[in-house]
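At position 11 of the sequence shown (counting the first as 1) the number is -4 in the numbering used here, and the numbers step up by one without a gap.
Remarks on the structure that follows.
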Amino acid sequence: MSTIKFIYFDAANTLIHKPELWKKINEVLTKYGHTVNAAELKKKHKFTSEKIKFPDNTSKDFYNIFNKELLSALGVNSNEEILNDIYNACTYLPWQKFDDVTFLKEIELPIGIISNFNSSLKEKINNIISVPFSEFIISEDVTVAKPDPGIFEFAINKIGLPPEEILFIGDSIFLDIEPAKKIGMKAYLIDRDNVYPTYQDRISSLEELKHLI
-14 MSTIKFIYFD AANTLIHKPE LWKKINEVLT KYGHTVNAAE LKKKHKFTSE KIKFPDNTSK
46 DFYNIFNKEL LSALGVNSNE EILNDIYNAC TYLPWQKFDD VTFLKEIELP IGIISNFNSS
106 LKEKINNIIS VPFSEFIISE DVTVAKPDPG IFEFAINKIG LPPEEILFIG DSIFLDIEPA
166 KKIGMKAYLI DRDNVYPTYQ DRISSLEELK HLI
């Protein structure tokens, strides 16, 4: 019998995403004569996300740094023009929920969110996902961000449960899974695109939560 009494989730690219992102990046790359496989683009974007930490409030300067690193990983030389085009094409794309997020309605445990994001996240989530979250632990609000264990400790103290009774689901090994495990939480990587096929504590769909709780 499972001892899990509460589930925390990361938000961006765990519960919500920008599904048009890959198409828009590829359109810009094609414009400049580059052909990139969609799966490879997703993988390199993931690896770049592990390398460069997103701030609570992103800026054009940040995205130019991020996209320059991404293009380098893809073997594409960047310049101001291509970076500006990627920024303009991708920055204001709408967030949407992943299809498997509907499974959360079947979970009978209380759920919450731990996210590196700004204070607008709660409204975004409530507008996109019709499932009640009892806790929102947002880095801008608590002034500490993943992978700092302090944000996980704050989340644990907020609900008053021992860490071993809390499950955390996130899409980043470095930002989510490793720090959550270090303070005693149970943690699983959500890896829908099979980027880390050999990682042990991994699920490919939120529907697999039924086997963990």
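Positions of the beta carbon are idealized from the N, C-alpha and C atoms, including for glycine.
Note that the structure is predicted; figures quoted are calculated from it, not measured.
- For His19, the closest alpha carbon among the candidates Asn111, Pro132, Ser57 is that of Ser57.
- For Pro164 against Pro132, the beta-carbon gap comes to about 4 Å, under 8 Å, which counts as contact.
- Glu54 places its beta carbon less than 8 Å from that of Lys36.
- Annotation for Ile98: Phe(-6), Ala(-4), Phe118, Phe121 place their beta carbon closer than 6 Å to its own, counting only its chain and skipping 5 residues before and after.
- Secondary structure at Gly135: helix, using DSSP grouped into helix, strand and coil.
- If you look at Phe32, you'll find it in the alpha helix (DSSP H) that goes 23 to 36.
- In the structure shown, His19 adopts coil according to DSSP, grouped into three states.
- Taken through DSSP and simplified to helix, strand or coil, Leu78 comes out as coil.
- Here Phe118 carries a coil assignment [DSSP, helix/strand/coil].
- Taking a cut-off of 8 Å for Cβ pairs, the stretch 80 to 89 and the stretch 59 to 68 do not touch, as fewer than three such pairs fall below it.
- Between the alpha carbons of Thr(-1) and Asn73 lies a distance of about 24 Å.
- It is roughly 30 Å from the alpha-carbon of His2 to the alpha-carbon of Gly145.
- Per DSSP, the continuous alpha helix (DSSP H) segment holding Phe47 begins and ends at 45 to 58.
- Straight-line measurement puts the Cα of Asn64 at about 32 Å from the Cα of Asp176.
- In this structure, Met170 sits near Ile151, with a CB-CB distance shorter than 8 Å.
- Counting C-beta atoms within 10 angstroms of its own C-beta, Ala140 has 16 or more neighbours from the protein chains shown and is therefore classed as buried.
- Between Ser34 and Ser157, the CB-CB gap stays under 8 Å.
- Exclusion of the five residues before and after Val61 leaves His19 as the residues of its chain whose Cβ lies within less than 6 Å of its Cβ.
- Taking C-beta separations shorter than 7 Å and ignoring five residues to either side along the sequence, the partners of Lys90 in its chain run Val116, following chain order.
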